[in-house]
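Just below is one structure, and these are the notes that go with it.
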Amino acid sequence: MKNHLPNLSIWLLSFATLTALMQFRYLRESPSTFTLPTQVAVQSELEVEVTKQRQSNTPATLTAARWRARALHEAFHGALQVMHRDFFDDETSHTIPSQSLEDVFEELANSYDVRLRWLAVNADALNADHKPQNEFEQAAVRALAKGLPEYEALTATHFQFAGAVRLSSTCLKCHVPRRTSTEDRIAGLVITMPIPEDLSPPHSSKTRD
1 MKNHLPNLSI WLLSFATLTA LMQFRYLRES PSTFTLPTQV AVQSELEVEV TKQRQSNTPA
61 TLTAARWRAR ALHEAFHGAL QVMHRDFFDD ETSHTIPSQS LEDVFEELAN SYDVRLRWLA
121 VNADALNADH KPQNEFEQAA VRALAKGLPE YEALTATHFQ FAGAVRLSST CLKCHVPRRT
181 STEDRIAGLV ITMPIPEDLS PPHSSKTRD
């Protein structure tokens with residue numbers, strides 16, 4: 001993502017998605033509890049439907065998977081920049097924007113089996129969970145640290161994508177407290193989604209200049 005905000009269509013898409021996810025969460029976590037046998041059966045049917053919906057949402061091609069990952073990256077990158085700019089006050093806030101967005105990540109994982117997580121690249125990790133945890137993430141850190149905008153890999157069952165997240169000078173007070181310059185730093189957003197097993201041979205990877 002360049003230094004300007006995503007275009008209006010991306011924002012409308014991201015906010016519509018967020019609204020739908022929050023509605024789904026409210027229905028799923030509603031205080032009314034299924035206790036009668038017929039209600040339990042209805043709940044089971046709903047769970048089956050959710051599973052079918054997840055499977056139907058699996059991208060059929062590598063191009064579709066890559067487009068979805070880039071759209072998610074652009075939307076959340078833009079949301080993070082705007083939240084920092086308009087709503088975050090490091091003197092009074094108790095929750096940082098990236099942590100707030102993890103609630104949305106959880107819904108995407110539960111509802112669509114799409115996993116997102118933040119990745120520390122060349123700034124301090126404020127959360128130990130943001131350090132690279134596997135070979136793909138270690139390779140992604142190296143690629144993003146070199147200035148590449150994204151890094152991707154395929155396994156037999158999943159498409160893995162890591163996109164660069166810009167940390168501007170306003171972010172560096174926390175992320176790079178011992179900084180000697182105000183140059184932008186980089187973090188990453190890792191996105192993992194299931195793909196058909198015959199879509200690609202395992203362990204292939206790619207970067208984009």
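FYI, the numbering for the sequence shown is 1 to 209, going by full-length UniProt numbering.
Beta carbons: idealized from backbone N, C-alpha and C, even for Gly.
Source: prediction; values computed, not measured.
Handout entry: Close beta carbons around residue 161, own chain, < 6 Å, minus the five adjacent residues each side
Key = Residue numbering aside, residue 161 sits at position 161 when the sequence shown is read from its first letter. Closer than 6 Å at Cβ, skipping near neighbours: 69, 152, 191.
Distance between residue 44 and residue 133 (C-alpha atoms, nearest Å)
The count along the sequence shown starts at 1 and reaches residue 133 at position 133. The count along the sequence shown starts at 1 and reaches residue 44 at position 44. Their backbone Cα atoms lie some 35 Å apart in a straight line.
Terminal residues of the alpha helix (DSSP H) in which residue 99 lies = Indexing the sequence shown from 1 puts residue 99 at position 99. Taken as a continuous stretch (DSSP letters only), the alpha helix (DSSP H) holding residue 99 covers 97-112.
Open item on the list: Considering only the alpha carbon of each residue, which of 183, 57, 193 lies closest to residue 156?
Closed with: For this step, residue 156 is matched to residue 156 along the sequence shown. Nearest of 183, 57, 193 to residue 156, Cα basis: 193.
Nearest-angstrom beta carbon gap, residue 123 and residue 154 [assumed within contact, 8 Å]: Taking the first residue of the sequence shown as 1, we reach residue 154 at position 154. Taking the first residue of the sequence shown as 1, we reach residue 123 at position 123. Rounded, the Cβ-Cβ distance is 28 Å, inconsistent with contact.
Burial state of residue 99 (16 or more Cβ within 10 Å): Looking up residue 99 in the sequence shown gives position 99. Classification for residue 99: exposed.
Expressed to the nearest angstrom, what Euclidean distance is found between the alpha-carbon atoms of residue 143 and residue 118? Taking the sequence shown and counting its residues from 1, the one referred to as residue 143 is at position 143. Taking the sequence shown and counting its residues from 1, the one referred to as residue 118 is at position 118. About 15 Å.
How close, in whole Å, do the beta carbons of residue 195 and residue 109 come, if the pair is a contact with beta carbons under 8 Å? Position 195 of the sequence shown, counting from 1, holds the residue named residue 195. Position 109 of the sequence shown, counting from 1, holds the residue named residue 109. So it is not a contact: roughly 16 Å between Cβ atoms.
Review point. Can you give the Cα-Cα distance for residue 163 and residue 146, rounded to whole angstroms?
Key: By 1-based counting over the sequence shown, the position of residue 163 is 163. By 1-based counting over the sequence shown, the position of residue 146 is 146. Spanning the two alpha carbons is a distance of roughly 13 Å.
task: Measuring alpha carbon to alpha carbon, tell me which of 139, 158, 114 ends up nearest residue 71.
output: In the sequence shown, counting from the first residue as 1, residue 71 sits at position 71. The candidate whose alpha carbon is nearest that of residue 71 is 114.
Assigned secondary structure, residue 160 (DSSP; H/G/I helix, E/B strand, else coil) | One-based indexing of the sequence shown puts residue 160 at position 160. Three-state DSSP puts residue 160 in a strand.
If you follow the alpha helix (DSSP H) that residue 140 is in, where does it begin and where does it stop?
For the purposes of this step, residue 140 is taken as the residue at position 140 of the sequence shown. Per DSSP, residue 140 belongs to the alpha helix (DSSP H) from 135-145.
The beta strand (DSSP E) with residue 194 in it runs from where to where?
As a working mapping, residue 194 is identified with position 194 in the sequence shown. Run containing residue 194: 185-194, per the beta strand (DSSP E) assignment.
Item to complete: Please determine, among 131, 197, 59, the residue with the shortest C-alpha to C-alpha distance to residue 188.
Response: Within the sequence shown, the letter at position 188 stands for residue 188. Cα-wise, what sits closest to residue 188 is 131.
Check your understanding: Do the CB positions of residue 77 and residue 165 come within less than 8 Å of each other?
Key -> Position 77 of the sequence shown, counted from the first residue, corresponds to residue 77. Position 165 of the sequence shown, counted from the first residue, corresponds to residue 165. For residue 77 and residue 165, yes; Cβs fall inside 8 Å.
*Can you say whether residue 60 is buried or exposed, counting buried as having 16 or more other CB atoms within 10 angstroms of its CB?*
Walking along the sequence shown from the start, residue 60 turns up at place 60. Classification of residue 60: exposed, given that the 10 Å Cβ count is below 16.
For the candidate residues 116, 183, 97, 81, whose alpha-carbon lies nearest to that of residue 159? Against the sequence shown, residue 159 aligns to sequence position 159. Of the listed residues, the one whose Cα sits closest to residue 159 is 116.
Worksheet item: Between 57, 67, 105, 62, which lies nearest to residue 220 when the distance is taken from Cα to Cα?
Response: Here the chain comprises residues numbered 1 to 209, so residue 220 is not present and cannot be evaluated.
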